[in-house]
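Engineer: One structure follows; several queries about it will come next.
Numbering (our numbering), first residue to last: 12 to 303.
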C-alpha cells in the first residue's frame, strides 16, 4: 500500500527531517491533499504509455501520483535543497527523472527527445509557481513542444483570464496568446486549505489541449501578440487610442491605424476586449506593412 506524501502529517515529517524552510521568492506552496492530486492526474488522461513533464515537484507529492499512472516522469526543480528530498521520497519509483534546472532556461524539447524516447503521448502536469505562471506557460506554448497538452494549477485569477471569451472583463492579451496555441478550460477550483503554506489567493486547475493548427493564419505571429498587448494597454481606452500609444511610433501613424481598422471592418471606437481572435488576426496583418 502506498503511503502518500501529500498529507499534512507526512509533509511535516519530511520538512522536519530535512530542516526545509519555504522560500517565498520561489513561490513554494505544497499540496497536502491526495484527492486533489488524484483529480489533477485524472484530468490529464494518462495511460501506461504516456509521459509527464512536471515543473516544481517540491517534495514529490504530485510526482508520485504521476509515476503511478504513466510510463515516465521528468520533473524540473529549481531549488537544489529539494534534490536530496526527492531522491528519498521518490526512491521507490524507477520511472522518475528529476532535473535540477530553471524551466525558463531549460531546453525542454531536447530533454523530451533524450528522456521520452518512444513515448508518443506527453502531457505537462504541474502545480506552477504563481509568480512565474505566465512566462512558463508562454515558453512551453511558444516552443511548440511535442505535447498533447497541459493540466496545471495556478492562481484562479490567471486561470480566468486565460480561459476568458471576448466581451468579458477577464478577456485580454493573455487569453488571445494562450488560445492561439490551445483550447483552454478550467477543470477544477481548489481552496487555499489544501496548500502548505496557504497562499493568499484562490487557485484553479486549467487544461490546455494543443491545437494541430492555430485558429487563424497570420503573416507574423509575434506581431499578432504585440498588437494584442497594445490593444489592452488601458482597458477603458478605444482600440485606436491604445494602438496609437502602444505600437512603436503609433502616434505618428494614426492615419495608417485608422485605415487598417477600417479595412478590417473594425470601428476605431471599439475597445480591445470586444475583438475576437479572428479580428486580431486580420488587424495584425493589415497593420504589419506600416510597422515592419
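Even glycine gets a Cβ: it sits at the ideal position worked out from N, Cα and C.
Since we're looking at a predicted model, the values are computed, not measured.
(1) Just checking my contact of residue 272 with residue 294 at CB under 8 Å: how many whole Å lie between their CB atoms?
(2) According to DSSP, is residue 31 helix, strand or coil?
(3) Cβ of residue 70 within 9 Å of Cβ of residue 16?
(4) Pull up the distance between the alpha-carbon of residue 12 and that of residue 82, whole angstroms please.
(5) Does the beta-carbon distance from residue 135 to residue 169 come in below 9 Å?
(6) Leaving out the 5 sequence neighbours to the left and right, which residues in its chain are closer than 8 Å to residue 154 when beta-carbon positions are compared?
(7) Mapping the DSSP letters down to three states, classify residue 18 as helix, strand or coil.
(8) Since residue 137 is in the alpha helix (DSSP H), which residue starts that stretch and which ends it?
(9) Are residue 160 and residue 219 close, meaning C-beta to C-beta below 9 Å?
(10) On the criterion of 16 or more Cβ atoms from any shown chain inside 10 Å, does residue 105 qualify as buried, or is it exposed?
(11) Could you tell me the distance, in whole angstroms, from the CA atom of residue 214 to the CA atom of residue 264?
(12) With a threshold of 16 other CB atoms inside 10 Å of the CB of residue 76, please say whether the residue is buried or exposed.
(13) Where do the ends of the alpha helix (DSSP H) carrying residue 73 lie?
(14) Which residue spans inside the region 182-226 form an unbroken alpha helix (DSSP H) run of at least 4?
(15) Flag residue 165 as yes if its beta-carbon sits less than 9 Å from any beta-carbon of chain D, otherwise no.
(16) Can you round the beta-carbon distance between residue 226 and residue 191 to whole angstroms, since I take them to be within the 8 Å contact cut?
(17) Can you find the residues in the same chain that come closer than 7 Å, C-beta to C-beta, to residue 157, ignoring five residues on each side of it along the sequence?
(18) If you draw a straight line from the alpha carbon of residue 261 to that of residue 58, how long is it in whole angstroms?
(19) Hey, how far is the Cα of residue 223 from the Cα of residue 55?
(20) Just checking my contact of residue 100 with residue 86 at CB under 8 Å: how many whole Å lie between their CB atoms?
(21) Below 8 Å on the Cβ atoms is my guess for residue 117 versus residue 67; work out the distance and round it to an integer in Å.
(22) For residue 188, I'd like the list of residues in its chain whose CB is within less than 8 Å of its CB, leaving aside the five on either flank, ordered along the chain.
(23) So if DSSP puts residue 165 in a beta bridge, which residue, or which two residues, is it bridged to?
Structural biologist: According to the structure data:
(1) 7 Å
(2) For residue 31, the secondary structure class from DSSP, reduced to helix, strand or coil, is coil.
(3) yes
(4) Any answer about residue 12 is weak, because its pLDDT of 47 lies below 50 and its placement is not dependable; what the coordinates show is given next. One C-alpha to the other measures close to 20 Å.
(5) no
(6) 119 and 120
(7) coil
(8) Per DSSP, residue 137 belongs to no alpha helix (DSSP H); it is in the beta strand (DSSP E), 132-138.
(9) yes
(10) exposed
(11) 42 Å
(12) buried
(13) 72-80
(14) 184-192
(15) Looking for chain D here will not work: only one protein chain is present.
(16) Contact holds; Cβ gap of about 7 Å.
(17) 123 and 133
(18) 51 Å
(19) 18 Å
(20) Not a contact, Cβ separation roughly 12 Å.
(21) That belief does not hold up - the Cβ atoms of residue 117 and residue 67 are roughly 12 Å apart, past 8 Å.
(22) 149, 152, 236 and 239
(23) Paired residue(s): 215.
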